[in-house]
Structure formats: structure tokens, C-alpha cells
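Input: a single structure, listed below in C-alpha cells.
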Amino acid sequence: MRITEKKMLESSKIVELEEELRVVGNNLKSLEVSEEKLADAAKLKPLEMQLKKLEDLSEAIVQNFAYMREREEQMRDTNESTSSRVLYFSVFGMCCLLGLATWQVLYLRRYFKAKKLIE
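In full-length UniProt numbering, the protein residues as written are 1 to 119.
Right, dumping it as C-alpha cells:
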């Protein structure tokens with residue numbers, strides 16, 4: 001059962017990465033198509049064409065930074081929730097250990113009193 005969960009998790013990560021690549025690929029394709037349309041429609045000079053390419057490229061970079069910022073926020077949220085869960089689990093584990101140790105001491109004390117080994 002553990003192996004199938006791991007495979008499902010890996011496949012979901014692969015699907016996520018494929019979707020991200022598809023988005024980036026679509027952005028690049030749209031840039032190429034828009035450049036061709038722009039050159040045909042406006043009959044721009046080569047320098048103007050390069051300037052327009054740089055403009056489009058800078059816009060794509062800004063969009064990519066915005067996307068990366070969003071992903072970083074998601075990662076930070078995930079990291080914070082994981083840290084809090086680890087803290088709560090550690091506190092719970094310590095409480096369980098203290099409770100079991102207390103129970104063990106009380107049980108052994110009663111046992112030894114019953115056997116009259118201690119008073």
C-alpha cells in the first residue's frame with residue numbers, strides 16, 4: 001500500500017510539472033506567433049522589431065517572476081504548516097511518553113507493595 005501511495009504522489013508531481021511546462025511552452029509559442037504577425041502587419045524596421053522582441057521577452061520574464069513568487073508563497077505556506085505539524089506531533093509524543101512513564105512508576109510501586117518488597 002505504501003508503494004502505491006508513493007507512485008501516486010510521484011505521478012501527481014509529474015502531472016504538475018507537465019502542466020507548468022505546457023504553460024511556459026504556450027507563452028513562448030504565443031511570443032513567436034505574435035512576432036511574426038507584428039512583422040507582417042506593421043512592416044517594422046529591424047531595429048524596431050528587435051525592440052519589440054525585447055519588450056515581449058521582458059513581459060514574459062515579469063510574468064515568470066510573478067509565477068515564481070506565487071510558487072514561493074505556496075512553498076513557504078507548506079513549509080510552515082509542516083513545521084507546526086512536526087511541533088504538535090513532538091509535543092503529543094512527549095506527553096504520551098510522560099504519561100506512560102508515570103503509569104509505569106505507579107504500576108510498579110503498587111506491584112512491589114503487593115509483593116511486600118517495599119513499604
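We put the beta carbon where it would ideally sit given N, CA and C, even for glycine. Every value quoted in this text rests on a predicted model; they were computed, and no experiment measured them.
Rounded to the nearest angstrom, what separates residue i and residue j at their Cα positions?
i	j	result
ALA60	LYS52	12 Å
ASN64	SER58	10 Å
LEU113	VAL105	A small fix is needed here, since residue 113 is Lys in this sequence, not Leu. Cα to Cα, the separation comes out at about 12 Å.
LEU98	SER81	26 Å
MET1	GLU55	Bear in mind that the predicted position of MET1 carries a pLDDT of just 48, short of 50, making it too unreliable to give a figure here.
GLU72	SER90	27 Å
GLN50	ARG76	38 Å
THR78	GLU48	45 Å
SER116	SER83	It should be pointed out that residue 116 corresponds to Lys in this sequence rather than to Ser. So the alpha carbons of these two residues sit roughly 49 Å apart.
CYS95	GLU70	38 Å
ALA101	ARG85	24 Å
PRO46	ALA66	30 Å
What is the residue span of the alpha helix (DSSP H) that residue i lies within?
i	result
LEU54	46-114
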